[in-house]
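Residue numbers (my numbering), protein chains in the order written: chain R, 200 to 428; chain V, 4 to 300.
In what follows, a structure is listed as structure tokens, so that the remarks can point back to it.
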């Protein structure tokens with residue numbers, strides 16, 4: 200009985216943990232990244248997500264409907280907000296890298312889904328194998344800016360909001376050494392800003408609009424500052 | 004209704020008043036006003052309201068799931084949701100109150116000093132520093148303004164940044180012509196002081212019976228009134244574009260989406276998206292030589 204129970208437990212642990220991948224922790228930019236003048240660095244930014252509202256925590260179907268209906272005015276307004284300078288972020292990063300002595304190659308688009316997985320999965324190494332890009336773009340390293348969420352977020356627990364809405368930009372930015380596939384910089388982005396004062400001010404939501412433009416600037420700072428120092 | 008509420012409010016209701024009055028103001032843009040004489044009414048209350056500055060960016064955010072009891076059909080579900088909403092609202096309110104209490108903790112050692120800092124002292128010290136007009140006087144209690152005077156009524160609330168390097172004033176100001184019961188304009192002015200040196204020490208504002216707090220408080224109060232008077236007298240011009248402006252608030256950098264109205268002595272005057280005004284120290288600004296004398300604390 201004990202043996203059977205142990206086998207079941209071992210199988211269960213293997214099943215549950217075998218699929219889990221440890222999240223990649225942040226990696227600071229090392230001084231060696233730009234140590235060699237003329238290092239060829241490719242810069243690519245994925246397509247920006249639509250500016251929109253998100254309601255994490257409202258996961259059941261009815262909860263999603265309720266959250267969407269409750270915040271419809273805010274959602275309609277959020278969708279009118281511009282990206283402002285956000286699309287120029289990769290050009291701004293290229294300028295910073297150039298000033299630090301790198302030779303920058305701007306890359307329009309990389310289909311990351313078509314890259315093979317890097318095996319075995321190792322902490323501080325990219326999950327995809329980027330090595331093919333070295334010859335394709337004639338670069339030694341690649342910086343990727345991948346934003347996955349831009350807009351306003353309001354957290355929920357089922358039908359009930361658990362916080363006031365906040366402006367948010369989410370995503371990740373990283374630098375891969377194409378010779379080794381090592382991550383020489385990895386920065387998860389979760390930039391949030393609450394409204395200063397009350398938030399529920401339709402139709403222009405000035406408090407949240409102010410917060411929204413602030414998170415755009417803060418995101419720019421988070422991506423650029425590691426290379427400016 | 005908002006005006007009545009504001010006039011009768013205690014200092015603790017300042018933000019509610021600001022919001023209510025701002026809504027009222029939004030419906031009617033005021034015409035420029037000629038100001039020759041000013042009567043500054045001393046704010047109500049026994050002591051000047053001072054708090055620790057607070058930031059709600061980390062408030063809330065949990066997404067824990069709730070299993071509603073499967074009893075009572077649809078009615079049971081609705082009762083379950085209503086109960087959940089009440090609990091969640093209570094938790095959020097309690098969290099914000101806790102954050103306010105934590106922010107105010109930096110002032111606890113100076114409780115007695117702050118209790119002795121009254122609004123009349125603030126007004127008396129600020130009046131001579133009001134530069135927008137020379138003909139000015141103080142109104143105390145129920146005294147009424149003359150018909151040709153512009154009366155300034157205000158609800159000032161000060162905040163000390165958590166690093167204790169800057170003082171912030173949020174002043175809700177009603178400007179009346181004579182004893183007209185309807186304000187010509189109601190506006191909120193936020194003034195952020197230049198950051199003190201990080202080595203000034205934690206009690207710098209409160210040393211010598213709060214000498215720096217009193218001096219800066221009076222200067223910032225006068226500055227907020229000057230800004231309000233300048234704005235109410237200004238003829239409407241071409242609107243400046245809104246941009247994200249960076250400024251310092253103590254040792255931290257802050258931003259505001261605003262129009263830049265003017266800049267002097269390292270302080271920028273902004274109009275925010277809400278239509279309120281701010282005077283903030285530009286990040287990295289070095290005051291010009293002729294500003295140094297007035298900036299000494």
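Even for Gly, the Cβ is constructed at its ideal location relative to N, Cα and C.
Measuring straight from C-alpha to C-alpha, what distance separates residue i and residue j?
i, j, result
"residue 242 of chain R", "residue 289 of chain R", "7 Å"
"residue 251 of chain R", "residue 407 of chain R", "13 Å"
"residue 139 of chain V", "residue 115 of chain V", "32 Å"
"residue 88 of chain V", "residue 359 of chain R", "6 Å"
"residue 254 of chain V", "residue 61 of chain V", "19 Å"
"residue 202 of chain V", "residue 54 of chain V", "22 Å"
"residue 285 of chain V", "residue 257 of chain V", "10 Å"
"residue 131 of chain V", "residue 281 of chain R", "46 Å"
"residue 411 of chain R", "residue 349 of chain R", "9 Å"
"residue 274 of chain V", "residue 275 of chain R", "25 Å"
"residue 325 of chain R", "residue 391 of chain R", "26 Å"
"residue 108 of chain V", "residue 162 of chain V", "12 Å"
"residue 141 of chain V", "residue 172 of chain V", "20 Å"
"residue 30 of chain V", "residue 263 of chain V", "Since pLDDT at residue 30 of chain V reaches only 47, below the 50 mark, its modelled position is unreliable, and no value is offered."
"residue 427 of chain R", "residue 417 of chain R", "15 Å"
"residue 294 of chain R", "residue 286 of chain R", "14 Å"
"residue 396 of chain R", "residue 260 of chain R", "32 Å"
"residue 263 of chain R", "residue 93 of chain V", "23 Å"
"residue 309 of chain R", "residue 240 of chain V", "48 Å"
"residue 81 of chain V", "residue 149 of chain V", "59 Å"
"residue 236 of chain R", "residue 301 of chain R", "6 Å"
Kindly list the residues whose CB is nearer than 8 Å to the CB of residue i, restricted to its own chain and excluding five residues on each side of it in sequence; keep chain order.
i, result
"residue 425 of chain R", "227, 228, 384 and 386"
"residue 238 of chain V", "35"
"residue 99 of chain V", "59 and 62"
"residue 272 of chain V", "230, 263, 264, 265, 266, 280, 281 and 282"
Measuring alpha carbon to alpha carbon, tell me which residue in the options is nearest residue i.
i, options, result
"residue 254 of chain R", "R:392, R:373 and R:351", "R:351"
"residue 382 of chain R", "R:317, R:285 and R:274", "R:317"
"residue 421 of chain R", "R:353, R:378, R:368 and R:298", "R:368"
"residue 153 of chain V", "V:186, V:249, V:165 and V:172", "V:186"
"residue 376 of chain R", "R:323, R:357, R:419 and R:401", "R:323"
"residue 339 of chain R", "R:354, R:319, R:345 and R:304", "R:304"
"residue 414 of chain R", "R:393, R:401 and R:427", "R:393"
"residue 38 of chain V", "V:212, V:179, V:252 and V:264", "V:179"
"residue 298 of chain R", "R:238, R:344, R:401 and R:262", "R:238"
"residue 357 of chain R", "V:222, V:59, V:85 and V:147", "V:85"
"residue 121 of chain V", "V:211, V:82 and V:47", "V:47"
"residue 252 of chain V", "V:59, V:67 and V:165", "V:165"
"residue 248 of chain V", "V:76, V:282, V:41 and V:224", "V:282"
"residue 261 of chain V", "V:71, V:196 and V:242", "V:242"
"residue 447 of chain R", "R:302, R:402, R:311 and R:230", "An answer regarding residue 447 of chain R cannot be provided, because it is not within the stretch 200 to 428 covered by chain R."
"residue 258 of chain R", "R:222, R:330, R:354 and R:278", "R:354"
"residue 125 of chain V", "V:267, V:266, V:34 and V:221", "V:221"
"residue 56 of chain V", "V:81, V:211, V:72 and V:168", "V:168"
"residue 246 of chain V", "R:267, R:268, R:224 and R:284", "R:284"
"residue 269 of chain R", "R:337, R:399 and R:302", "R:399"
"residue 223 of chain R", "R:321, R:262, R:300 and R:266", "R:321"
"residue 111 of chain V", "V:209, V:270, V:174 and V:137", "V:209"
"residue 129 of chain V", "V:49, V:204, V:272 and V:217", "V:217"
Does the beta carbon of residue i fall short of 7 Å from some heavy atom of the ligand HEM?
i, result
"residue 347 of chain R", "This structure simply doesn't include the ligand HEM, nor any ligand for that matter."
Can you name, in chain order, every residue of its own chain whose Cβ lies under 6 Å from the Cβ of residue i, other than the five neighbours on each side?
i, result
"residue 156 of chain V", "44 and 177"
"residue 25 of chain V", "Because the pLDDT of residue 25 of chain V is 44, which lies under 50, any placement of that residue in the model is unreliable, and the number read from its coordinates should be weighed accordingly. Taken in chain order, the list of residues that qualify is empty."
"residue 279 of chain V", "191"
"residue 343 of chain R", "243 and 373"
"residue 147 of chain V", "182"
"residue 83 of chain V", "71 and 72"
Compute the beta-carbon to beta-carbon distance between residue i and residue j, rounded to the nearest angstrom, for a pair I have assumed lies under 8 Å.
i, j, result
"residue 184 of chain V", "residue 51 of chain V", "Residue 184 of chain V to residue 51 of chain V, Cβ: 26 Å. No contact."
"residue 194 of chain V", "residue 236 of chain V", "Actually they are not in contact, since the Cβ atoms of residue 194 of chain V and residue 236 of chain V sit about 19 Å apart, beyond 8 Å."
"residue 170 of chain V", "residue 219 of chain V", "5 Å"
"residue 95 of chain V", "residue 362 of chain R", "7 Å"
"residue 296 of chain R", "residue 240 of chain R", "6 Å"
"residue 234 of chain V", "residue 134 of chain V", "Contact flag wrong, Cβ pair sits at about 14 Å."
"residue 364 of chain R", "residue 273 of chain R", "7 Å"
"residue 423 of chain R", "residue 314 of chain R", "Going by Cβ atoms, the distance from residue 423 of chain R to residue 314 of chain R rounds to 26 Å, so no, they are not a contact pair."
"residue 370 of chain R", "residue 388 of chain R", "5 Å"
"residue 276 of chain V", "residue 409 of chain R", "5 Å"
Using C-beta distances below 7 Å, list every residue in its chain close to residue i, excluding the 5 sequence neighbours before and after it, in chain order.
i, result
"residue 248 of chain R", "346, 347, 348 and 349"
"residue 223 of chain V", "170, 172, 194 and 196"
"residue 277 of chain R", "250, 251, 252, 350 and 351"
Task: beta strand (DSSP E) segments (min. 3 residues) lying fully within the region 330 to 405 of chain R - done: 340 to 352, 365 to 376 and 382 to 393
TODO: Please list the segments of the beta strand (DSSP E) lying wholly inside the region 134 to 190 of chain V, counting only runs of 3 or more residues, in order along the chain.
DONE: 138 to 142, 152 to 163 and 170 to 180
Task: Length at least 3, wholly inside the region 234 to 260 of chain R: the beta strand (DSSP E) runs in chain order - done: 239 to 244 and 250 to 253
Task: beta strand (DSSP E) runs wholly inside the region 211 to 281 of chain V, at least 3 long, in chain order - done: 246 to 252, 255 to 267 and 270 to 275
Open item on the list: So within the region 30 to 109 of chain V, which uninterrupted beta strand (DSSP E) runs reach at least 3 residues, ignoring any that extend past its ends?
Closed with: 40 to 44 and 52 to 55
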